[in-house]
Structures are given as structure tokens and as C-alpha cells.
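Asks: Numbering (my numbering), first residue to last: 35 to 960.
A virtual CB, placed ideally from N, CA and C, is assigned to each residue, including glycine.
Okay, here's the structure, questions in a sec.
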């Protein structure tokens, strides 16, 4: 037994730590450094699903019905696989339209209906009360266990020594602190989320540590516990299906029920959707959250079996719920018991905080505020006095704080007077079955465009009434609050109306039985009313926007009335303050390019922006009422709505057609982009070529003109100088002629008008002639020339002059790039004996970069990457050489030479013999 002061101090130290963690998260968020933008933190916040029911109740279920605790975790595990699909669509709708709660989500979808929002809020609040009572019960019981109270679950308490009441008030204070400090509930509660993630780690570690001690400290591991359990006939039955007390239908229904909770449970909607800051976190959560559930349940069965083996399990389900706490206490491990108690406190605290925050938002936005705003509108007129009404920020926050307190007190009273004798798991399943009534309306909301408000209201109402009759009424009857005769005889004495065997359906778990009838009636009413009824104008637009959220655009303008910007700003100030109004005006100013003034007339887009901003604070239904009180005129009529829907449908249809052709368009665009890049490149090369040719033409022309003028103006010039000047004129004229010939030759070749003089020639003789023609270049540059012509004759068919030009071009190219000193050029001739001759012109220059070896044979290109200075010439020599080789059926390329520089190589076919069919050309190395 632990002293009261130690338990109290430890509890408040832990809760103070949560304060510190939450404050740290809020400070980081205020500084622009979010701490919840991490998928692990997001996943840990989802573990708020694991409340005191998981921490204590799973062990109690396992100790009494064996494996029957598994469906509660199988369902969320399977549902997690749908996170990147189903939950992603809900998330995008919520972020797009400023949804504030699950009630607001359904109200917005079904025509921004206050009736739908109010109904969902009532069902969620009534269904949440048993779940809140479960947490209070678990914490109060754990306190009494660690302090030695023998009757932890006594239904009545004496005021002043009421542990449950004390726990209720403390948790109310914490819930108000964590979740009722801001009016804009679409802004993430970063401190709260970080605290919830922290609590998820604490309860996991505490449970695992306690389970490890029981398994390996009291017993000798899993094998020891399993062996002793199998030796006990009563305990061995817990490993069988019959020991669970559930049929296969029960397993399926309870698994389905728990899976639905990941979407419809208000607290899960809060953390999974409203507190999400990055939709990519869903991918991580889809596997990490099931892993968390697996780890926290590893020791459930061993702890349950250990409790049965040690005390026989004769104390009932309530005592079994606390085995994880009692066993360390009985073993004298009081510090471990204190840590385990703090883990249970953490599990309960997290659930209460998030659940009450979500429910308080729903109550304020969908129950209280719509009544206050409509009542205020009747007394003040339809518009024109927005600025005179007091700010409602404080009122909204006070409503939410009062709601949190009322909800927790209702949970306390439910525990005290109704559910005291029920196990934790039973109470939790009853709460699950209540909020499960939202599932059909939510699925229809995002996938079925024809689902309407009437169907949703009738479906949820019908399912909720069945839930009340089949689950809550029997609880009240057994608690003595109402007469219990109908449990046996049926309502009005009709046996078919017995609440736990409705219409003679027997053999199911009470929750499964209630689920079958409530969801069946829910679906029947939803589908029937939707098929027989009609949607109003707003419903049709909202249905389209929700179902087609992936492809819809904001083309539907629901406001055709007029309002002054100043009136709308006065309206917003009451809810979001001057700073929020300025942000709205800035957002709108960025869209339209200027900031609106108070006297400007608001267009439909601005009115819609204001409505959405208000929806973030007071919900979509109340926001529409408030905006309607300021805007002159009415919403659009049926004809206009149908026109909008028709136009939107056409846009969607056209979008789908375009999407089908997107791949072809993307391919065509890529080809055009590549062609355009190529044309741009060629255009630049053309300009460069023209500049080069102009320079090359200007140089000899300038020399010719200059020396001609000297000769003309200086008749007395000595004969020796006159001869030298005339030689320069002749040389520059020849250079000019070669340049012009290169351009003309390339033009003729590309136009297909080159007159090729084909004849049998000796390739060796061609090489010798080319070497003689280039000898002056070698002598002038001091270049050593080596020849390796291993053949006495190499007969081919070709144009002798053009082949000489080809080899001279290659030799001249080599001369330009060899070093000024020790320049070397080598010419070789090979016979590949496969019908092809190969000629190589090697040099010891810088070589040609590998990435440039194809490009240098294109026109306008020069191997400028080699030397530091750009080489002289037009860059047409290699291009002409390539055309000459290809005209004779050969191939030209460049590699690295054995001399260290470039090795230009080309092949030409042997002169064909009679009946020769041709051989395959040798491939060049790439």
C-alpha cells in the first residue's frame, strides 16, 4: 500500500510534466518551429485510441473470456490499411472547407444543416458519456488499489472522500487548459498533440515494463505461463473459441465496429483529421499505428493468465481489469506499481482531454451558437448592426469550457449510478456502438452524391433510438432507474420486442445484437429517404464539392446578394479579432491584386472566403446564418444552381477527357521541347558560324586590300618587297578561295548537287598526294610526320580529288591542335580483310572530350573544348569530311590515339569484285 501523499504528488508531478510538454509545443509553434510535423508524433497521437480500456480492460477481458479482446485491435489494424485512401479523402475535404468537427463535417455535406450538426452532436455527447465514465472509473479504481482500498468499484461514494469526483474535477481542469484556449479549432492544438504523443509513449512503456516483470519476474517467461495455463483445465479453455463466449458473427461485427472507430469516433477524428498537418503522415501511420497496437497487446494474455494462476480469478471482471496493477502490488513492487498507475492515468487523461475538446467544439458550434445567433437575429434585424454587437470570442470559449465540465460530470454520474458493475470493456463497446451510427452517413457523404439530409437525419436518428433501446435501457433497468419487466416480457408485453433479443434474434453478444439492428435500420432509412427524396440547392452543390473534392474547383458561388466589405469585416471582428480580419483581407488582396476597402462592395468570392473563415470558428451552419444576416439578397435559386452544376459537370467531363490524352500530350510536349531546344542550339550555332565565316573572309580580304593599296600607292617600292607583297596577296587569295570552296562544297553536298567523279583509285596514292599537299604545313610548324602504310595497293572506287580533300582536312586539323614544340602526326592504313580499308590520322594534341566526339562532325561545330583558345577556321572541314566518307559508303569517327591526342579514323570499302555482295562494316568504338 502506498501513502496517499505519494500517490497525489506523483500524479500532480506527472500532470505538471504534461503541462510543460504542452507549453513547450505551443511555444515552438508560436516561434514557427512546429513539433508535430513529424509522422511519428502524428502516429503516437492516434494512439489516444488506447485509453484506460486498453490499459486495464483488455487484461480483464482476457482473464474472463480469453481471446475476445482481439477484435478491438484487429479492426483498427485493418482500418489503418485504408488511411491513404478513405481517411485521405476526408482529410482533404476537411482542410479544403474549414471543417471543425465530425458534426460540422456531416452538417456541411448535407446542406450546411444545423439539424444534422445538432443531431450528430447529441448522439456523440450521449454516446461519449459512457466512455468518459469508463476513464473516470479506471483512474478512481487504480487510485484505491495503490492506496489499499478493498472496494475500488463501490457504486456509491461519500461526498468529500469521493475519489472519482476528485479525479473528475482535476481532469476537467486539464482538458480546459489543453483544448479550450483558442476559438479557431482548425488551427492545430500543437501543445495538446505533443502531450498526447508523450502520453502514448508513457503508457506503452509502463505497460510493457509491468508486463515484463509479471512474465519474467514472477514467472519464468511466456513458456512457463503458457505451460501452467495449459495444465489447468479451466484456464486452458480461454485459448479456444468457446472460451471467448463469442460466435464468428460476433468476431466479425466487433472487428468491423472497432475499425469504424478510426473515422467516426470524435476523438479519433480530432487527432487523425483536424490535427493533421501533412497528409503524407498517413502513409507512415498506416503501418506504425498497427505496430503500436501489437506491442501494447503483447503482454495482455500473459498478465491475464498470471492473474488467474495466482488468485484463481474468483473476484470477477472488475478485479480482473486491474491485474496489471494488482500483481506488482501483491509482489511488493510498490514503485513499479506506482509507475504502472501513472501509465493508466496517462491513458485515461489523453482520452478525456481529446474527447472533451472534440465534443465541446461540437456542442458550442452545432447546438448552442446556432440557437443564440438565430435568437439574436430576430431581435436585431437581418443586417446592418454587425458592428454594434459585442465580440463573441469570450462567449465561445466559455461555452466550450462549461461543456467540458458538464460532460465530465455527466460521465461521473453515469459511473456512479449506472455502470458501476460493468467491466471497462463492456462500457467501451456500448459507447462505440453509439457513434457507429455516423458511419453510413459519412461513407455516403464522400462517395454517394444523391445522399440527402433527410436520409442522414432519419438514418442516424433511427440507429440511435435502437441503440438506446437495446443497450442503454437494459443498463438503466438493471441499475433500478426504470422498471425491468420489459427485459423478459418485451415492450408492451410483446416478446418480439425484448431489447436483448429484438425480433427473436438471439445468440449474439449484446453489443453485436444492437449493432445489427441499429445499423440495418440506419442504412435502410438513409438509402430509402435519399432515393425517394430530393436535395435542395445547397445540398446539391455541397454533395458535388465533397464527392468530387479531388477534381472540383471553386466554381460554385453560393452568394448572389450584395454586402459592403466593412459590414463583413465588422462581423468577422467579433469572432476572430482585428488580426484575423487583416489576414483575410491580405489573402483576398493577393488573389485580386489589391486590398479591398471598407466601402467596397464584396463579390461572391470574398463572401465565400468570409463564410469559410467563420466556419473555422463557429462551424459551417452557424457561419452561413451569420453571413446571411449581413448579405443583402438571397442565395442563388434552383435554376442558377442547376446551371452551375451543369457547367461543373461539363468541366469535370472535359477534364476526364483531357486526362485520358495527357500521356500523349506529355510525349508530344517533350518532343516539341526537345526539337525547340535543338532549333535554339542550331540557331545559336548558325549565328556563331556566320560570325566566324565573316571573320575568316574579312582577314584575307583585309590583307589583300592593304597590300594592294601599298603596291598601288608606292610605285617606287623595291622589287624585293613588291614580290613579297604580291606573294602575300596570292596566298590570301588562295585562302579566300578555299574558304569559299568549303562553303560551296557543303552547300552542294547537302543539296545533293555535288558532282562526284567516281573511278578506280589507289587509296595509298591518295594518302601520298595529300601528304605532299600538306607538307608545307608540317614544315612551317616543325611537325614530325610518320606514315605506316602497310599495303602496296588499296583499290577503291571514289572521287580522287574529294578523297585528297578529306585527308588534307584531317591533316590540317591535326596541325592546328598539336603542341608548338614536338608536334607529331601519324598516318596509318589498314586492311581489315573483311572488305574494308581503314585510315587513321593520329596526333599528340589535347584530344577530343568523349562527350564532344559526335558533335564535332556537325556543321558550325569546333573542338573548342580542347585548347584554351578557339582554333582558327570555320569548323566546316570535319563536316565536309563526314559527308565525303558517307557518300562513298564509309564511316568516320574519332577516338583517343596512342600518341595521347586525337585519332581520326574512317573506313572505305574495297573495290567490289564481280558478283560481290558487300560485307559488314567494322564498328567504331564508342
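#1: If the criterion is Cβ atoms closer than 8 Å, does the pair residue 577 and residue 483 meet it?
#2: Can you tell me whether residue 624 is buried or exposed? The criterion is at least 16 other CB atoms within 10 Å of its CB, across all chains shown.
#3: What span of residues does the alpha helix (DSSP H) with residue 836 cover, start to end?
#4: Which residues bound the beta strand (DSSP E) around residue 512?
#5: Which value, in whole angstroms, describes the spacing of the CA atoms of residue 823 and residue 708?
#6: From residue 818 to residue 856, what does the alpha carbon distance come to, in whole angstroms?
#7: Quick one: measure Cβ to Cβ for residue 830 and residue 871, integer angstroms, because I've assumed they're closer than 8 Å.
#8: Of the choices 269, 703, 308, whose alpha-carbon is the least far from that of residue 97?
#9: Where do the N-terminal and C-terminal ends of the beta strand (DSSP E) with residue 810 fall, by residue?
#10: For residue 363, which residues from the same chain have a beta carbon less than 6 Å from its beta carbon, with the 5 sequence-adjacent residues on both sides left out?
#11: Can you give me the Cβ contacts of residue 368 inside the same chain, cut-off strictly under 7 Å, excluding the 5 residues immediately before and after it?
#12: Could you compute how far the alpha carbon of residue 316 sits from the alpha carbon of residue 449?
#13: Could you give the C-beta distance for residue 472 and residue 298, rounded to a whole number, given that I count them as a contact under 8 Å?
#14: In whole angstroms, give me the CA-to-CA distance for residue 72 and residue 81.
#15: How do the region 869–889 and the region 935–945 stand: do at least 3 beta-carbon pairs fall below 8 Å, yes or no?
#16: In terms of residue numbering, what span does the alpha helix (DSSP H) encompassing residue 871 cover?
#17: With DSSP as the reference, please indicate the residues paired to residue 793 in a beta bridge.
#18: Would you list the one or two residues that DSSP bridges to residue 942?
#19: With DSSP run on the structure shown, which of helix, strand or coil describes residue 85?
#20: Considering Cα atoms alone, identify which of 140, 285, 48 is closest to residue 549.
#21: Name the two residues that bound the continuous beta strand (DSSP E) containing residue 864.
#22: Output the distance between the C-alpha atoms of residue 389 and residue 711, rounded to the nearest integer angstrom.
#23: Which partner residues of residue 823 appear in the DSSP bridge assignment?
#24: Measuring CA to CA, which of 880, 841, 836 is closest to residue 921?
#25: At what residues does the alpha helix (DSSP H) containing residue 930 begin and finish?
#26: Suppose only complete runs of 3+ residues qualify. What are the beta strand (DSSP E) ranges in the region 135–205, listed by chain order?
#27: Between the C-alpha atoms of residue 294 and residue 116, what's the straight-line distance to the nearest angstrom?
#28: Can you give me the C-alpha to C-alpha distance between residue 173 and residue 330, rounded to a whole angstrom?
#29: In the structure shown, what three-state DSSP assignment does residue 633 receive?
#30: Take residue 75 and list the residues in its own chain whose beta-carbon comes closer than 8 Å to its own, dropping the five residues that flank it on each side.
#31: What number of angstroms, rounded off, separates the C-alpha of residue 479 from the C-alpha of residue 342?
#32: Where residue 248 and residue 208 are concerned, what is the direct C-alpha to C-alpha distance, given to the nearest angstrom?
#33: Check residue 597 in the structure and name its three-state DSSP category.
#34: What is the residue span of the alpha helix (DSSP H) that residue 627 lies within?
#35: Report the CB separation of residue 465 from residue 164 in whole angstroms; it is logged as a contact under 8 Å.
#36: So, at 6 Å on beta carbons, what are the nonlocal neighbours of residue 333 in its own chain, with the 5 sequence-adjacent residues on each side left out?
Replies: Based on what the coordinates show:
#1: yes
#2: exposed
#3: 834–851
#4: That residue, residue 512, is in no beta strand (DSSP E); its alpha helix (DSSP H) goes 507–512.
#5: 45 Å
#6: 7 Å
#7: 7 Å
#8: 269
#9: Per DSSP, residue 810 belongs to no beta strand (DSSP E); it is in the alpha helix (DSSP H), 809–815.
#10: 371
#11: 36
#12: 36 Å
#13: 4 Å
#14: 15 Å
#15: yes
#16: Where residue 871 is concerned, there is no enclosing alpha helix (DSSP H), although the beta strand (DSSP E) it sits in stretches over 870–877.
#17: 832
#18: 871
#19: coil
#20: 285
#21: 858–865
#22: 60 Å
#23: 863
#24: 836
#25: Segment 925–930 is the beta strand (DSSP E) holding residue 930; no alpha helix (DSSP H) there.
#26: none
#27: 11 Å
#28: 19 Å
#29: coil
#30: 69, 227, 228, 231
#31: 47 Å
#32: 32 Å
#33: coil
#34: Segment: none, residue 627 is in no alpha helix (DSSP H) and carries neither H nor E.
#35: 4 Å
#36: 245
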